[in-house]
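Residue numbers (mature numbering (1 follows the signal peptide of the UniProt record, and there is no 0)): -18 to -1, 1 to 77.
Just so it is clear, CB atoms sit at the ideal spot from N, CA and C, and this is done for glycine as well.
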């Protein structure tokens, strides 16, 4: 029984979470990508909004927090959150 649990843990360690990536046509974007890379692969979002600002972790520099919305695709919107120019999170919400 322990060996089955260890095997399951080992296999799950290499699994990429669905919310870490998103497909745009034949292109793939993932968290950590820059905003210009996302826009070049996915095109302009249907909606873009600045939702706040935060301070960088090591520098006293203010970074913009933006949400971009793509979709709906089969009734699902993809909401991308950027901190500075880096993709921080990908969420999917059914309409």
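Check                                                                                                    : Outcome
Residue -7 in three-state terms, based on DSSP                                                           : Because residue -7 carries a pLDDT of 47, less than 50, the predicted location of this residue cannot be relied on, and the following value inherits that uncertainty. Residue state, collapsed to three classes: helix.
Assigned secondary structure, residue 31 (DSSP; H/G/I helix, E/B strand, else coil)                      : strand
Check: residue 2 C-beta below 6 Å from any heavy atom of the ligand GTP                                  : With respect to the ligand GTP, the structure offers nothing, as it holds no ligand at all.
Neighbourhood of residue 29 by C-beta, 6 Å cutoff - its chain only, sequence neighbours within 5 removed : 51
Nearest-angstrom Cβ-Cβ length linking residue 68 and residue 14, presumed shorter than 8 Å               : 6 Å
Nearest-angstrom Cβ-Cβ length linking residue 74 and residue 60, presumed shorter than 8 Å               : 6 Å
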